[in-house]
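Q: Can you read through this structure? Questions will come right after.
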Amino acid sequence: MKVFLPFGKNSNNYIEEINAYFKGDFVYGSYRDYKQEYNIVNIHWPEALFEWQDVSDKDLVELEKNIKQWKQYSKIVYTRHNREPHNKGIKNIKALYVIILKYCDGIIHLGDFSLRELLKNYPKYKAKINAVIPHPLYLKNKKYITQEQAREKFSIKVDAKVVLVFGNIRTKEEKKLILKAFNKLKTDNKLLLVSRMPYFLEGVPSWRLKILMKQIVRFYYGLFSKYKFFYDFVKQEDIPYFVSAADIVFVPRIKHLNSGNVYLGFSYNKPIVGPAVGNIKEVLNNDFNYLFDPKNIKSVTNALEKGLKEDISIVHEKVYKENLPNLVAKKYFEFFLKVLHG
1 MKVFLPFGKN
11 SNNYIEEINA
21 YFKGDFVYGS
31 YRDYKQEYNI
41 VNIHWPEALF
51 EWQDVSDKDL
61 VELEKNIKQW
71 KQYSKIVYTR
81 HNREPHNKGI
91 KNIKALYVII
101 LKYCDGIIHL
111 GDFSLRELLK
121 NYPKYKAKIN
131 AVIPHPLYLK
141 NKKYITQEQA
151 REKFSIKVDA
161 KVVLVFGNIR
171 TKEEKKLILK
181 AFNKLKTDNK
191 LLLVSRMPYF
201 LEGVPSWRLK
211 ILMKQIVRFY
221 YGLFSKYKFF
231 YDFVKQEDIP
241 YFVSAADIVF
251 VPRIKHLNSG
261 NVYLGFSYNK
271 PIVGPAVGNI
281 KEVLNNDFNY
291 LFDPKNIKSV
301 TNALEKGLKE
311 DISIVHEKVY
321 KENLPNLVAK
331 KYFEFFLKVL
341 HG
């Protein structure tokens, strides 16, 4: 089976975890590189088709024309990572999402919530072949590093209570939630480890002023021993150190459908403190993780405190067996076959 992914590889290893066990070929490329030999065209992030840039009216017309040609020879499957784009500032982005949903033959959801929500809001998509396939754990590049080794790399004390926020902090609201909730924590030796703290300097007019503002931001947060902030893109080889150094992983999403950082934490047997929204709620609604109401700072702080106090031992292979990449890859293969023969 040949599966065409009409976009380039990115830093999210979701697809590579599946590819390692998939009985077929995954081929990346521009959507203009489509070949009739492909059995499946699997679209994950619609924005990725245009390299996360603005989409012109002409682009939409061309894409729709291409998709109609694809459907003569291949089946189109859409994996629904988001209910809406993270970057709403991209021109014509909603129209792009509508086109993908309109022409796909099958839709893969990462949780039951996604399936229920889509069919409730858009009953016409019941005619599509829908399925729920869990998000894979991130095991392909996992390294076994002790907490002591990881903390030594970042100069973090052994007895610190480390709250990790990993990956992109997408909005000012998320940043505000993180800092407010953490600062209200009544926990001794608390430390907030952030892998990529954003500056949010879009309104600053000149690049010279932006450089100065960045220096001021770094200096300010560096004054506090309770903060350990990094600001640049995290290299693949450094990811295990960040997660291994943590006591808990804090997912500060406010209204997202999914979060890959939940599964990154799972992969390293870390308890997750996350929002009771979307698919995230159903995944974290168990005895090993901690949910909060993202609209209530006290709720967030309470979840963080509980996560740091309780000593929970997790073995991901047992608790999250359905998320093992080999089983997810098998479900993908079976779903593709169903769509091909449907």
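If you read the sequence shown in UniProt numbering, its first letter stands for residue 1, the second for the next number, and so on. The C-beta atom is built at its ideal place from N, Cα and C for all residues, glycine as well.
By DSSP's criteria, H109 is part of a beta bridge. Which residues make up the other side?
A: To locate residue 109, count along the sequence shown from 1; it is residue 109. For H109, which the question treats as bridged, DSSP gives the partners R80, V132.
Q: Is it buried or exposed for F166, if we count other Cβ within 10 angstroms and need 16 for buried?
A: Along the sequence shown, one-based indexing puts residue 166 at 166. Per the 10 Å Cβ criterion, buried.
Q: Could you check which residue in K186, V41, A150 has the C-alpha nearest to that of W70?
A: Taking the first residue of the sequence shown as position 1, residue 70 is located at position 70. Cα-wise, what sits closest to W70 is V41.
Q: In chain order, what residues of the same chain have a beta carbon less than 6 angstroms from the beta carbon of K306, not counting five sequence neighbours either side?
A: Translated into positions along the sequence shown, residue 306 becomes position 306. The residues are Y290.
Q: For L164, which residues does DSSP report across the bridge?
A: Locating residue 164 in the sequence shown gives position 164, counting from the first residue. Note: L164 sits in a beta bridge opposite L193, V249.
Q: Return the CA-CA distance between Y268 and Q72, expressed in angstroms with no decimal places.
A: If you number the sequence shown from 1, residue 268 lands on position 268. If you number the sequence shown from 1, residue 72 lands on position 72. Their Cα atoms are separated by approximately 44 angstroms.
Q: How about V77 and V300: are their beta carbons less than 7 angstroms apart?
A: Numbered from 1 along the sequence shown, position 77 holds the residue referred to as residue 77. Numbered from 1 along the sequence shown, position 300 holds the residue referred to as residue 300. No. Outside cutoff.
Q: Does the Cβ-Cβ distance between I156 and A246 come in under 7 angstroms?
A: Here residue 156 refers to the residue found at position 156 when the sequence shown is read from its first residue. Here residue 246 refers to the residue found at position 246 when the sequence shown is read from its first residue. No, they are not a contact pair.
Q: How should Y220 be labelled, buried or exposed, when 16 other C-beta atoms within 10 angstroms of its C-beta is the threshold for buried?
A: Counting from 1 along the sequence shown, the entry for residue 220 is found at position 220. With fewer than 16 Cβ atoms within 10 Å of its Cβ, Y220 is classed as exposed.
Q: May I have the straight-line CA-CA distance separating K321 from G222, to the nearest angstrom?
A: Numbered from its first residue, the sequence shown carries residue 321 at position 321. Numbered from its first residue, the sequence shown carries residue 222 at position 222. If I take the Cα positions, the gap works out to 40 angstroms.
Q: If you run the structure through DSSP and keep just helix, strand and coil, what is D59?
A: Taking the sequence shown and counting its residues from 1, one reaches residue 59 at position 59. D59: helix per DSSP, three-state reduction.
Q: Which term fits R80, buried or exposed, when burial requires 16 or more other beta carbons within 10 angstroms of its beta carbon?
A: By 1-based counting over the sequence shown, the position of residue 80 is 80. Buried: at least 16 other Cβ atoms inside 10 Å.
Q: According to DSSP, is F219 helix, strand or coil?
A: Numbered from its first residue, the sequence shown carries residue 219 at position 219. Helix, per DSSP.
Q: Under 8 angstroms by Cβ, that's how I've got residue 358 and V234 pegged, so tell me the actual separation to the nearest angstrom.
A: As displayed, the chain neither begins before 1 nor continues past 342, which places residue 358 out of reach and without an answer.
Q: For G307, does the three-state DSSP call read helix, strand or coil?
A: If you number the sequence shown from 1, residue 307 lands on position 307. Helix.
Q: Helix, strand or coil: which one does DSSP assign to Y28?
A: Against the sequence shown, residue 28 aligns to sequence position 28. Y28: strand per DSSP, three-state reduction.
Q: Quick check on this structure: which residue in A329, L308, E16 has the alpha carbon closest to the alpha carbon of N141?
A: Counted from its first residue, the sequence shown places residue 141 at position 141. Considering only alpha carbons, the answer is E16.
Q: Closest to K176 by C-alpha separation, out of D188, T187, P198, would be which residue?
A: Here residue 176 refers to the residue found at position 176 of the sequence shown. If we check each option's Cα against that of K176, P198 comes out closest.
Q: Please list the terminal residues of the continuous beta strand (DSSP E) segment that includes L291.
A: Translated into positions along the sequence shown, residue 291 becomes position 291. That run of the beta strand (DSSP E) goes 290-292.
Q: So, does the stretch 56-66 touch the stretch 91-102, judging by three or more C-beta pairs under 8 angstroms?
A: Yes, the stretch 56-66 is in contact with the stretch 91-102.
Q: Go through its chain and collect everything with a Cβ distance to Y103's Cβ below 8 angstroms, but skip five positions before and after it.
A: Working through the sequence shown from its first residue, we reach residue 103 at position 103. The answer, listed in chain order, is E64, I67, K68, K71, I76.
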